[in-house]
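The block underneath contains the structure these notes are about, expressed in structure tokens.
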Amino acid sequence: MSVAIATAAALSLPIYLTRSNKFNNTRGVKGSFRVFAIIGEEGGGLVERSKSLWTTLFEVEDPRSKVPQYNKGKFLDVNQALEVARYDLQYCDWKARQDVLTIMLLHEKVVEVLNPLAREYKSVGTLKKELADLQEELGQAHNQVHISEARVSTALDKLAYLETLVTDKILQDSNTTESDLLPSTPESLDTVKSKPPRRNINVSGPVQPYHANLKNFWYPVAFSAHLKDDTMVPIDCFERPWVLFRGKDGKPGCVQNTCAHRACPLDLGSINEGRIQCPYHGWEYSTDGKCEKMPSTKLVNVKIKALPCFEQEGMIWIWPGNDPPMANLPSLLPPSGFQIHAEIVMELPVEHGLLLDNLLDLAHAPFTHTSTFAKGWSVPSLVKFLTPASGLQGSWDPYPIDMEFRPPCLVLSTIGISKPGKLEGQSTRECSTHLHQLHVCLPSTRNKTRLLYRMSLDFAPILKHVPFMQHLWKHFAEQVLNEDLRLVLGQQDRMNNGDNVWNWPVSYDKLGVRYRQWRDSVEQRSKSSPFSNLRRIQNPLNE
Ligand code: FES
Ligand SMILES: [Fe+2]
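UniProt numbering numbers the first residue of the sequence shown as 1 and each following residue consecutively.
Here it is, written out as structure tokens:
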């Protein structure tokens, strides 16, 4: 029996290996770098003392050096895949211990700060600041432990699945041919057969089911401010209905939006003491999906699906994939000096890739946005997107706009504003005031995107306090999007009928094309960096 490495690699170990620096004990784990650095500054004795106390629990060997090296791109047999899964689990266990160690060291640090002898030499202000810093680091470290828990749990599921495969293999008829043995992946793994590699960009035909690899990312799904203690936010993500709500401790959770009893949508119900209550017969679920109340009958053990869900910097994130979640949530805050002025959510009737293509393109502005931000713009003789050969970020020439595609579905842009209505001729840096935008295009269904839009300014902070300004920003954003939407809907229609929406890319299409290449490489689980093969792909962009 063979297991395609694309499937076995869902074990996630190869990803960890390529990201090994991030998991180095002394740096990279969010928060731990600073912890160890602080301890190092103040004499270094704490680490030794602490370690001697906790040796047995934390001195577990980092398993990465022992991992068998299999040739990526080849097939693993199921035993090899099982071995990889076991190492994966050992790694998750080791990582979780490191996270707990970080917390314990932080606690020691708090005790040290509060030590009466040390306190005599410090002002109240200094003490307060030190404690506030430590509290923040502790918060991050706790988050990290929860993420590690989620990773261990997913790795265990994966191991259990592979063990079933091994058992099946033992039971199988020895005459079966290899091609017959490619696993019919269970529905729970959501795997879609890999397409053969393509040399050119072809985005045509009805949108295919989402590739399982695309789900193995952290996705921002809502703004924290929109999820109050007693509200539910229903979302679709990768064609499944989910609902977000807060538990009794205020932390967010994401569970399937379908009651285990008789499939009633849970978001039609209400929140009762941190549990979501089904409106049909009153079953109540906690944020981890466990049914904790079944009125009028004996409580039995029922659980609905729940996704890893965390909150950071004003956004709620979920991990929809089957691989163990990545250790760190990305930061999406605007650069320093900017203030957030608007956070808007829209549900749009287009596939998220088409919307990303649109947002990553600026050359269309003087033709499409003639009633909004590009009113009166002249059409430049040449529009270019300046970026390194394999970059996903760069700047637009002749516009003062920097833009980045950030996997898996984010667009960040900074727009320099010199005079209203005039954008040409200056670089972003030369402008004294700026607008920063974050667009998150969440794949909801094959023809629906949940768009999260966050707008920040590095000037006019007073606007934040102007009544109804939020409504005005929303109105502007909708106007601009509507100008795009009718065109993208038209493209979607053509695409569904077989036309290629990337039929003839030209120089200014560079960033959109790179997004498509990134997506292809993820779907094919390319072992190399998404853009190391850029020059080998034939397209007219390499001018
Ligand atoms: S359908 Fe939800 S409790 Fe009956
Ligand atoms: Fe546009």
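We put the CB at the ideal spot given by N, CA and C, even for glycine.
Compute the distance between the beta-carbons of T154 and P320, then report whether it is under 9 Å.
Here T154 is not near P320, since their CB atoms are 9 Å or more apart.
Would you mind giving the Cβ-Cβ distance between Y280 and I304, rounded to the nearest angstrom? I have them listed as a contact below 8 Å.
About 14 Å; that fails the 8 Å criterion.
Going by the CB atoms, is the gap between L214 and P443 shorter than 9 Å?
Between P443 and L214, the C-beta gap is smaller than 9 Å, which places the two residues in contact.
Would you call the segment 489 to 503 in contact with the segment 367 to 378, where contact means no fewer than 3 C-beta pairs closer than 8 Å?
Fewer than three Cβ pairs drawn from the segment 489 to 503 and the segment 367 to 378 lie within less than 8 Å of each other, which leaves the two stretches out of contact.
Return the residue from the list S418, P234, L382 and P325 that minimises the CA-CA distance to S432.
When the alpha-carbon of S432 is set against those of S418, P234, L382 and P325, the nearest one is in S418.
Which two residues bound the contiguous beta strand (DSSP E) that contains M346?
Segment Q339 to L348, the beta strand (DSSP E) holding M346.
Mapping DSSP to helix, strand and coil, what is Q524?
If DSSP states are grouped into helix, strand and coil, Q524 belongs with coil.
Among all the DSSP beta bridges, which residues are the ones paired with H439?
Within the DSSP bridge table, the entry for H439 names V411 and Y453 as partners.
Excluding the 5 residues preceding and the 5 following H364 in the sequence, name in chain order all residues of the same chain whose CB lies nearer than 6 Å to its CB.
For H364, same chain residues with a beta-carbon under 6 Å away, outside a window of 5 residues either side, do not exist.
I'd like the list of long-range same chain contacts for S331, defined as Cβ closer than 8 Å, with 5 residues on each side in sequence excluded.
When the five nearest sequence neighbours on each side are left out, the beta carbons in the same chain lying within less than 8 Å of the beta carbon of S331 are those of Q312 and E313, in order along the chain.
Contact the segment 245 to 265 vs the segment 463 to 474: 3+ CB pairs below 8 Å
Not touching, per the Cβ criterion.
If you measure from each residue's Cβ to the nearest non-hydrogen atom of ligand 1, which ones come out under 7 Å, in chain order?
Near ligand 1, residues with a Cβ at less than 7 Å from any of the ligand's heavy atoms are C259, H261, R262, A263, C264, C278, Y280, H281, G282 and W283; the list follows chain order.
Can you tell me whether DSSP reads H142 as helix, strand or coil?
Of the three classes helix, strand and coil, the one that applies to H142 here is helix, per DSSP.
When the Cβ atoms of the segment 352 to 359 are set against those of the segment 481 to 490, are three or more pairs found closer than 8 Å?
By the Cβ test, the segment 352 to 359 is in contact with the segment 481 to 490, since at least three Cβ pairs between them sit closer than 8 Å.
When you measure from the CB of H352 to every non-hydrogen atom of ligand 2, does any distance come out below 8 Å?
The beta carbon of H352 sits no closer than 8 Å to any heavy atom of ligand 2.
Could you give the first and the last residue of the continuous beta strand (DSSP E) run that contains W317?
Per DSSP, W317 belongs to the beta strand (DSSP E) from M315 to I318.
May I ask you to verify whether the segment 386 to 406 touches the segment 499 to 516, counting CB pairs closer than 8 Å and requiring at least 3?
Three or more Cβ pairs drawn from the segment 386 to 406 and the segment 499 to 516 lie within less than 8 Å of each other, which places the two stretches in contact.
Could you have a look at M469 and say whether DSSP puts it in helix, strand or coil?
Note: M469 maps to helix in three-state DSSP.
Evaluate the contact criterion for the segment 95 to 108 versus the segment 58 to 66: three or more CB pairs, one atom per stretch, below 8 Å.
Pairwise C-beta distances place the segment 95 to 108 in contact with the segment 58 to 66, as three or more of them are shorter than 8 Å.
Taking 9 Å as the threshold (C-beta atoms), are K109 and L134 in contact?
For L134 and K109, yes; Cβs fall inside 9 Å.
Just to confirm, does N211 get its C-beta within under 8 Å of one of the non-hydrogen atoms of ligand 2?
The sequence given here places His at residue 211; Asn does not occur at that position. Not under cutoff, so the answer is no.
Continuous alpha helix (DSSP H) stretch holding D357: start and end
Residue range H352 to L359 is occupied by the alpha helix (DSSP H) that includes D357.
Is S427 near S395, with beta carbons less than 9 Å apart?
Judged by their CB atoms, S427 and S395 are nearer to each other than the 9 Å cut-off.
Hey, which unbroken runs of the beta strand (DSSP E) at 3 residues or more fall wholly within the segment 362 to 410?
For the segment 362 to 410, whole beta strand (DSSP E) runs of length 3 or above, ordered along the chain, are 384 to 386, 393 to 397 and 401 to 406.
Exposed unless 16 or more other CB atoms sit within 10 angstroms - verdict on H475
Classification of H475: exposed, given that the 10 Å Cβ count is below 16.
Which residue comes first and which comes last in the beta strand (DSSP E) that contains K290?
Where K290 is concerned, there is no enclosing beta strand (DSSP E), given that its DSSP letter is neither H nor E.
Pick helix, strand or coil for residue 593, following the three-state DSSP scheme.
Within the shown structure, residues of the chain are numbered from 1 to 543, placing residue 593 beyond reach of any answer.
Is Q256 helix, strand or coil by DSSP?
Q256 falls in the strand class under three-state DSSP.
Using a Cβ distance threshold of 8 Å, determine whether the segment 343 to 352 contacts the segment 287 to 295, with at least three qualifying pairs required.
As far as the Cβ criterion goes, the segment 343 to 352 does not touch the segment 287 to 295, which means the pair count is below three.
Buried or exposed: A225, going by 16 or more other Cβ atoms within 10 Å of its Cβ?
A225 comes out exposed.
Look up W242 in the DSSP assignment and give the residues it is bridged to.
W242 pairs with I235 and Q256.
CB L457 to CB F310, shorter than 9 Å?
Not a contact, by the Cβ cut-off of 9 Å.
If you measure from the CB of E478, is any heavy atom of ligand 2 nearer than 8 Å?
Relative to ligand 2, the beta carbon of E478 is positioned no closer than 8 Å to any heavy atom.
From what residue to what residue does the beta strand (DSSP E) around S270 run?
Start and end: S270 to N272.
Quick check on I103: does DSSP put it in helix, strand or coil?
In this structure, I103 counts as helix in the three-state DSSP scheme.
What do you reckon, is the C-beta of L359 under 8 Å from a heavy atom of ligand 2?
L359 Cβ: within cutoff of ligand 2.
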